[in-house]
Amino acid sequence: MTQLFDLSGRTALVTGSARGIGFALAEGLATAGATVILNGTRSDTVAEAAGRLESKGFKALGRAFDVTDEHAVADAFAQWDKDGVQVDIVVNNAGIQFRKPLVELELADWQRVIDTNLTSAFIVAKEAARRMIARGTGGKIINIGSLTSESARATVGAYTAAKGGIKMLTRAMSAEWAASNIQANAIGPGYILTDMNKPLVENAAFDAWVKSSNPSQRWGRPEELVGTAVYLSSPASSYVNGQIIYVDGGWLAVL
Ligand code: GCO
Numbered sequence: 122m123t124q125l126f127d128l129s130g131r132t133a134l135v136t137g138s139a140r141g142i143g144f145a146l147a148e149g150l151a152t153a154g155a156t157v158i159l160n161g162t163r164s165d166t167v168a169e170a171a172g173r174l175e176s177k178g179f180k181a182l183g184r185a186f187d188v189t190d191e192h193a194v195a196d197a198f199a200q201w202d203k204d205g206v207q208v209d210i211v212v213n214n215a216g217i218q219f220r221k222p223l224v225e226l227e228l229a230d231w232q233r234v235i236d237t238n239l240t241s242a243f244i245v246a247k248e249a250a251r252r253m254i255a256r257g258t259g260g261k262i263i264n265i266g267s268l269t270s271e272s273a274r275a276t277v278g279a280y281t282a283a284k285g286g287i288k289m290l291t292r293a294m295s296a297e298w299a300a301s302n303i304q305a306n307a308i309g310p311g312y313i314l315t316d317m318n319k320p321l322v323e324n325a326a327f328d329a330w331v332k333s334s335n336p337s338q339r340w341g342r343p344e345e346l347v348g349t350a351v352y353l354s355s356p357a358s359s360y361v362n363g364q365i366i367y368v369d370g371g372w373l374a375v376l
């Protein structure tokens with residue numbers, strides 16, 4: 122039974138993984154046996170995060186590159202080709218938040234959120250899938266969505282549009298790649314205790330709203346997303362495609 126969730130011999134790229142949810146997912150996949158590639162925009166924080174995992178005995182590489190830059194992404198994969206690194210699992214986690222009413226939102230800020238939270242998933246998964254298809258080895262794509270993949274909240278319009286796109290991009294990936302034994306799925310986290318959400322946690326009214334809006338009556342923790350990520354990265358999900366699994370305390374299931 123344990124083979125179902127064993128990632129030994131597999132390499133997982135987790136974008137935006139120097140901290141927060143991305144780092145927790147990288148550590149979780151490493152615990153399940155994967156070699157993990159950490160990514161972020163800054164080489165110092167990526168190296169520090171990879172070092173933390175290596176100090177725990179995990180196999181971790183680090184590469185800083187901008188996931189919104191198709192040339193930087195192509196260069197990263199070309200380097201892994203040269204180094205004999207085969208990316209079997211991609212977790213498209215990189216994301217930013219920008220809270221402002223739509224009528225005040227500058228186009229540049231809209232574009233930055235869309236590029237980081239949605240377009241990067243296309244750019245990175247395309248490079249990975251090309252190789253998975255050419256190798257005939259199959260693979261796993263896990264996109265990180267959000268409650269806002271399903272329902273909107275005022276003042277996070279660009280983020281909501283991007284995360285809604287993540288849900289449908291995941292299905293588009295399935296439509297084209299499932300026949301090549303690539304399973305593309307998504308995880309929709311609820312409100313999770315991360316640096317990005319720190320201002321919300323510290324806002325008493327928002328904190329109360331989160332706790333009263335989900336039946337678990339609490340914020341989630343990054344490590345509570347790991348089980349679903351391991352499941353979607355493993356042979357246990359070999360016939361699961363185009364799904365988004367909400368890890369939200371029951372938020373979307375209950376009025
Ligand atoms: C916000 C939050 C949300 C959460 C998460 C919910 O400002 O409402 O940042 O976007 O982070 O996406 O699933």
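No gaps in the numbering here: position 46 of the sequence shown is 167 in our numbering, and each next residue is one more.
Where a beta carbon is used, it is the ideal one built from N, C-alpha and C, also for glycine.
Values in this document were obtained by computation on a predicted structure and should not be read as measured data.
If you run the structure through DSSP and keep just helix, strand and coil, what is residue i?
i, result
"L128", "coil"
"K261", "strand"
"A273", "coil"
"P336", "coil"
"A153", "coil"
"Y360", "coil"
"V375", "coil"
"A139", "coil"
"G161", "strand"
Closest by CA to residue i, which one among the options?
i, options, result
"N362", "L321, Q338, A307, Y312", "A307"
"T240", "K332, P310, A282", "A282"
"G205", "K177, G161, R131", "R131"
"N238", "R173, V212, L373, P343", "V212"
"N160", "Q232, W231, V245", "V245"
"V368", "T162, S358, W340, A249", "W340"
"A151", "R173, P336, A250", "R173"
Using 10 angstroms around the beta-carbon of residue i, count the other beta-carbons present and answer buried if the total reaches 16, otherwise exposed.
i, result
"A199", "exposed"
"D202", "exposed"
"Q294", "It should be pointed out that residue 294 corresponds to Met in this sequence rather than to Gln. Buried: at least 16 other Cβ atoms inside 10 Å."
"L125", "exposed"
"L379", "Examination of residue 379 is not possible in this model, given that the chain is present from 122 through 376 alone."
Can you give the Cα-Cα distance for residue i and residue j, rounded to whole angstroms?
i, j, result
"V194", "Q207", "15 Å"
"R292", "D196", "27 Å"
"Q182", "G285", "It is worth fixing the name first, because residue 182 is Leu in this sequence and not Gln. Roughly 31 Å between the two C-alpha positions."
"A329", "A300", "45 Å"
"D190", "T123", "38 Å"
"A325", "N302", "46 Å"
"D236", "Q218", "12 Å"
"V234", "L226", "11 Å"
"G137", "S270", "19 Å"
"G278", "L223", "6 Å"
"Q338", "R252", "43 Å"
Mind checking if residue i is an interface residue toward chain C, Cβ cutoff 8 Å exclusive?
i, result
"S176", "Annotation note: the requested chain C is absent from the structure, which comprises a single protein chain."
Quick check on the DSSP output: what are the complete beta strand (DSSP E) runs of length 3 or more inside the stretch 165-232, in order along the chain? You should have 181-185, 210-213.
Quick one: which unbroken alpha helix (DSSP H) runs of 4-plus residues sit fully inside the stretch 297-349? Chain order, please. Listed in chain order, the alpha helix (DSSP H) runs fully inside the stretch 297-349 are 319-322, 325-334, counting runs of at least 4 residues.
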